[in-house]
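Asks: Residue numbers (UniProt numbering), protein chains in the order written: chain A, 1 to 472; chain B, 1 to 198.
For every residue, glycine included, the Cβ atom is placed at its ideal position computed from N, Cα and C.
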Amino acid sequence: MGSTLAQKVWAGHTVRRGGFGGDDLLYVDLHLLHEVNTPRAFDGLRAAGRTVRRPDLTVGTEDHNVPTISLTGLFDDPAGRRQAAQLRDNCDAFGIPVHRRGDDGHGIVHVIGPEQGLVRPGMTVVCCDSHTTTLGAFGALAFGIGTSQVEHVLATQTLWTGRPKDMAVTVTGTLPAGATAKDLVMTLIARIGTGGGQGHIIEYRGEAVDALSMEGRMTLCNMSVEAGSKAGVVGPDETTFAYLRTRPGMPEGADWDAEVAHWKSLRTDPDAEFDREVVLDASTIRPYVSWGTNPAQSAPVDARVPGPDEFATPEERTAAERALTYMDLRPGSRLQDIGIDTVFVGSCTNGRIEDLRAAAEVLRGRRVADGVRMLVVPGSAAVHRQAVDEGLDKVFTGAGADFRPIAGCSMCCGLNEDRMKAGQRAVSTSNRNFEGRQGKQARTHIASPEVAAASAVTGRITAPADLGDGRS
Amino acid sequence: MNRFTVHVGTALPLRRSNVDTDQIIPARFVPYFQLTGQGNGLFADWRDDPAFATNQPQYQGATILVAGNEFGTGSSRESAVWALQKAGFLVVLAPRFGDIFRENALMRGLLPVQLPALAIELLWALTEADPSTPVTVDLETQQVRFADRTEEFEVPEAARRRLLDGTDTIGDTLRHEAEITLHERARRPLLPRTRSAV
Ligand code: SF4
């Protein structure tokens, strides 16, 4: 029997098998850090008199709680400022490169890794952040870890972890016009649930996945963790190689050819078996939006808010009841009638250049509705530069949106000044519609950049196809 | 590393599923908590409700949290584990956990125990009727015992040994340093580095 891509990468990085009675000791090729979840890891390292084994395989960035309004913007939480300073100090002390705001390479941790050519097929990547799964788009094995594990990786460049099972999500056919990678992954999570991928690495495959750009694949893998899976991967192909070819630090000539040959060998063998398989028909996928307080509580934009009695288990019914109360929604009402006052385009899910292009395309010649605040935060400094080069900044500001000059997580997690107020309601291109995620008692509907921009125009949840051609 | 062998305590019923780590400790409490170990963000937004379980006098002193499905999904923040420990919890019982939360909990010695949904229902009912119901969590035999019931559970053997022995994981890993170095030497030569100087 052949092996899956995930099994190949896992086997290639196993330093010690089944040590500690079951877990494998995996070598880590790349360790990414951000300011929020790392201070205690460095404290622990120091307390034990240990050092960082491979600072040259480690990189830090300040993204979660930094102001994005300007370089001199103020932190509204002094602890946030201390965290950013501490990350710089910790990285400097141990010889780890760190991207500060204002640097060319600065940005959200999951956006900058690929941009700078640090993530390649077949690598293992870990970071103190659950959305590290994003990087599986390159055929790398990438997953989030906690602070104690960060300390362990800093000290040893390895990690004890249980071998996950293999799950295949095969997406047949072609996505219809107007349906995006975000709609695809939201449809999947609504179908398999927030625990549907638990204990598994999901490999996305099939015609519709092959047709996605690297940005789209990153969006897909990003939200793998919302289905509970350890990681998501896409087999490396010509799209992957073309993206990587233009990245800094790539090998040249015969070395490049040798790498590509190696990357090609990483695909799942035809006779490999998966522990679980899910098949989705891409042609049925429509623009999606969440109505509840976990990412599985989602539906097509043209659907109605479901009632608790539509769910099979008592647990789902209770969860739906709670979610409807929190979201202040009535069963049976149309999702398209839900009025919103905030729109956020950004995050590691949808803060890359293609996402900004898509949102700008919807906004071109249109205006953000009165009473709606639209915030656009680039995922990285490079995304910001590109957006300005393409004139997207003018489209956003011309339409009345707030286009931020500094990259960061901003309103995705409400850790900087961009948190929402109680009772406000957003369409957000981020990945989590949890209670209070974007601000205490704030309500979040997650969706694609296209749906977010269209909703900004009308002031209620809207798919771009329903905008008509009222462009000026 | 905290050791864990056998614990007998009382339980707090949390009749909710999908308790993500943003609910366990909202993000705004995380930076300060990470920096100082101070603050009290556990279930901060839910605690506003006087009827919320942690506000009930009869559950003060509970050391075992009994929650619904998919406990600890979402963000990888280990502060979710620390906040539970700071509030005195030693064990969380649930039908299923978020992966990273479970690994974090095992690293820190907060025992995450997966039990069938039926057992969780039963524990909810029992502890709501009598909050002083003793619950025994035994990592040696991998059993949870309450009333006249015994539920078996599994913890990855690796983590179980660590918890029983109170091993320093990093110290233990570093005993395999020769193997790590060997693997390191055999890595593909063209892999990227985050800076040019080594
Ligand atoms: S953008 Fe949001 S989800 Fe992504 S790393 Fe930042 S806070 Fe996490």
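When the Cα of residue 83 of chain B is compared with those of B:37, B:156 and B:12, which residue comes out closest?
Replies: The sequence position of residue 83 of chain B within the second sequence is 83, counting from 1. Comparing Cα positions, the closest option is B:37.
Asks: Residue 380 of chain A lies in the alpha helix (DSSP H); which residues open and close that run?
Replies: Locating residue 380 of chain A in the first sequence gives position 380, where the first residue counts as 1. Counting along the chain, no alpha helix (DSSP H) covers residue 380 of chain A, and no H or E run does either.
Asks: What does residue 156 of chain B reach in chain A if we use C-beta pairs closer than 7 Å?
Replies: As a position in the second sequence, residue 156 of chain B is number 156, starting the count at 1. By Cβ distance, chain A contributes 22, 23 and 162.
Asks: When you compare each of A:260, A:46 and A:122 to residue 29 of chain A by their alpha carbons, which one comes out closest?
Replies: Here residue 29 of chain A refers to the residue found at position 29 of the first sequence. It is A:122 whose Cα lies nearest to the Cα of residue 29 of chain A.
Asks: Rounded to whole angstroms, what's the CA-CA distance from residue 197 of chain B to residue 54 of chain A? Just pull it up for me.
Replies: The residue labelled residue 197 of chain B in the question sits at position 197 within the second sequence. The residue labelled residue 54 of chain A in the question sits at position 54 within the first sequence. With a pLDDT of 41 at residue 197 of chain B, under the threshold of 50, the modelled position of this residue cannot be trusted; read the value that follows with caution. Answer to the nearest angstrom: the Cα atoms are 11 Å apart.
Asks: Around the Cβ of residue 472 of chain A, are there at least 16 other Cβ atoms within 10 angstroms (buried) or fewer (exposed)?
Replies: Against the first sequence, residue 472 of chain A aligns to sequence position 472. Looking at its Cβ environment, which holds fewer than 16 other Cβ atoms inside 10 Å, residue 472 of chain A is exposed.
Asks: By DSSP, does residue 151 of chain B sit in helix, in strand, or in coil?
Replies: Within the second sequence, numbered from 1, the residue matching residue 151 of chain B stands at position 151. Note: residue 151 of chain B maps to strand in three-state DSSP.
Asks: Consider the Cβ of residue 413 of chain A: report whether some Cβ of chain B lies at a distance smaller than 9 Å.
Replies: Here residue 413 of chain A corresponds to residue number 413 of the first sequence, with the count starting at 1. It does; some Cβ of chain B falls within 9 Å.
Asks: How would you write the range of the alpha helix (DSSP H) that residue 192 of chain A sits in, first residue to last?
Replies: Numbered from 1 along the first sequence, position 192 holds the residue referred to as residue 192 of chain A. Per DSSP, residue 192 of chain A belongs to the alpha helix (DSSP H) from 181-192.
Asks: In whole angstroms, what is the alpha-carbon distance linking residue 162 of chain B and residue 169 of chain B?
Replies: The residue labelled residue 162 of chain B in the question sits at position 162 within the second sequence. The residue labelled residue 169 of chain B in the question sits at position 169 within the second sequence. Roughly 7 Å separates the two Cα atoms.
Asks: Could you tell me which residues DSSP pairs with residue 98 of chain A in its beta bridges?
Replies: Looking up residue 98 of chain A in the first sequence gives position 98. DSSP, once it has assigned bridges, lists A:60 as partnering residue 98 of chain A.
Asks: Can you round the beta-carbon distance between residue 407 of chain A and residue 377 of chain A to whole angstroms, since I take them to be within the 8 Å contact cut?
Replies: Locating residue 407 of chain A in the first sequence gives position 407, counting from the first residue. Locating residue 377 of chain A in the first sequence gives position 377, counting from the first residue. The Cβ separation is near 7 Å, so the contact holds.
Asks: Is residue 108 of chain A near the ligand SF4, going by C-beta to nearest heavy atom under 8 Å?
Replies: The residue given as residue 108 of chain A occupies position 108 in the first sequence. At least one heavy atom of the ligand SF4 is nearer than 8 Å to the Cβ of residue 108 of chain A, so yes.
Asks: Taking the alpha helix (DSSP H) that residue 84 of chain B belongs to, which residues open and close that run?
Replies: Taking the second sequence and counting its residues from 1, the one referred to as residue 84 of chain B is at position 84. Here the alpha helix (DSSP H) through residue 84 of chain B covers 79-86.
Asks: For chain B, check one thing: does any of its Cβ atoms lie closer than 9 Å to the Cβ of residue 185 of chain A?
Replies: In the first sequence, counting from the first residue as 1, residue 185 of chain A sits at position 185. So no, residue 185 of chain A is outside the interface.
Asks: Report the three-state DSSP secondary structure of residue 477 of chain A (helix, strand or coil).
Replies: In this structure chain A extends from 1 to 472, so residue 477 of chain A is not present and cannot be described.
Asks: Do the CB positions of residue 345 of chain A and residue 422 of chain A come within less than 9 Å of each other?
Replies: If you number the first sequence from 1, residue 345 of chain A lands on position 345. If you number the first sequence from 1, residue 422 of chain A lands on position 422. The criterion of a C-beta distance shorter than 9 Å is not satisfied by residue 345 of chain A and residue 422 of chain A.
Asks: Indicate the three-state DSSP secondary structure (helix, strand or coil) for residue 165 of chain A in the structure shown.
Replies: By 1-based counting over the first sequence, the position of residue 165 of chain A is 165. If DSSP states are grouped into helix, strand and coil, residue 165 of chain A belongs with the strands.
Asks: Strictly under 9 Å for the Cβ-Cβ distance: is residue 184 of chain B near chain A by that measure?
Replies: For the purposes of this step, residue 184 of chain B is taken as the residue at position 184 of the second sequence. Closer than 9 Å to some Cβ of chain A, the Cβ of residue 184 of chain B qualifies, so yes.
Asks: Looking only at C-alpha atoms, which of A:89, A:97 and A:202 sits nearest to residue 143 of chain A?
Replies: Taking the first sequence and counting its residues from 1, one reaches residue 143 of chain A at position 143. Looking at the Cα atoms, A:202 is the closest of the given residues.
Asks: Please identify the residue among A:65, A:3 and A:148 whose C-alpha is closest to the C-alpha of residue 419 of chain A.
Replies: Here residue 419 of chain A refers to the residue found at position 419 when the first sequence is read from its first residue. Residue A:65 is the option with its Cα nearest to residue 419 of chain A.
Asks: Quick one, which residues of the segment 32-66 of chain B are near chain A if we go by CB-CB under 7 Å, in chain order?
Replies: 32, 34, 35 and 45
Asks: CB of residue 349 of chain A to nearest heavy atom of the ligand SF4: below 8 Å?
Replies: What you label residue 349 of chain A is simply residue 349 of the first sequence in a count that begins at 1. Yes, the ligand SF4 has a heavy atom inside 8 Å of this Cβ.
Asks: Below 8 Å, how does it come out for the segment 95-102 of chain B and the segment 114-134 of chain B: are there three or more Cβ pairs, yes or no?
Replies: yes
Asks: Measure the beta-carbon distance from residue 45 of chain B to residue 440 of chain A and round it to whole angstroms, keeping in mind my assumption that it falls under 8 Å.
Replies: Against the second sequence, residue 45 of chain B aligns to sequence position 45. Against the first sequence, residue 440 of chain A aligns to sequence position 440. With a Cβ gap of about 6 Å, residue 45 of chain B and residue 440 of chain A count as contacting.
Asks: Hey, quick one: how far does the beta strand (DSSP E) through residue 94 of chain B stretch, first residue to last?
Replies: Looking up residue 94 of chain B in the second sequence gives position 94. It spans 91-94 - the beta strand (DSSP E) in which residue 94 of chain B sits, taken as one unbroken run.
Asks: Looking at residue 91 of chain A and the ligand SF4, is the gap between the Cβ and the nearest heavy atom below 8 Å?
Replies: Stepping through the first sequence from its first residue, residue 91 of chain A is reached at position 91. False, no ligand heavy atom lies under 8 Å from that Cβ.
Asks: Where does residue 435 of chain A sit, in a helix, a strand or coil, going by DSSP?
Replies: Residue numbering aside, residue 435 of chain A sits at position 435 when the first sequence is read from its first letter. DSSP places residue 435 of chain A in coil when its eight states are reduced to three.
Asks: So if I threshold CB-CB distances at 7 Å, which residues from the segment 98-117 of chain B count as touching chain A?
Replies: 98, 99, 100, 103, 104, 107 and 108
Asks: Could you work out which residue in A:206, A:361 and A:112 is closest to residue 453 of chain A when comparing CA atoms only?
Replies: Numbered from its first residue, the first sequence carries residue 453 of chain A at position 453. Selected option, being the one with the closest Cα: A:361.
Asks: Would you decide whether residue 134 of chain B is buried or exposed? Buried here means 16 or more other CB atoms lie within 10 Å of its CB.
Replies: If you number the second sequence from 1, residue 134 of chain B lands on position 134. Looking at its Cβ environment, which holds fewer than 16 other Cβ atoms inside 10 Å, residue 134 of chain B is exposed.
Asks: Hey, how far is the Cα of residue 87 of chain A from the Cα of residue 39 of chain A?
Replies: Position 87 of the first sequence holds residue 87 of chain A. Position 39 of the first sequence holds residue 39 of chain A. Spanning the two alpha carbons is a distance of roughly 7 Å.
Asks: Closer than 7 Å by beta-carbon distance: list the chain A residues that pair up with residue 7 of chain B, in chain order.
Replies: Position 7 of the second sequence, counted from the start, is the residue given in the question as residue 7 of chain B. The premise fails here: residue 7 of chain B is roughly 21 Å from chain A at the closest Cβ pair, so nothing lies under 7 Å.
Asks: Are three or more beta carbon pairs between the segment 434-450 of chain A and the segment 178-191 of chain A nearer than 8 Å?
Replies: yes
Asks: Any idea what DSSP makes of residue 57 of chain B, helix, strand or coil?
Replies: For this step, residue 57 of chain B is matched to residue 57 along the second sequence. For residue 57 of chain B, the three-state secondary structure derived from DSSP is helix.
Asks: If you measure from the beta carbon of residue 13 of chain B to each beta carbon in chain A, is any gap under 9 Å?
Replies: Stepping through the second sequence from its first residue, residue 13 of chain B is reached at position 13. False, the Cβ-Cβ gap to chain A never drops below 9 Å.
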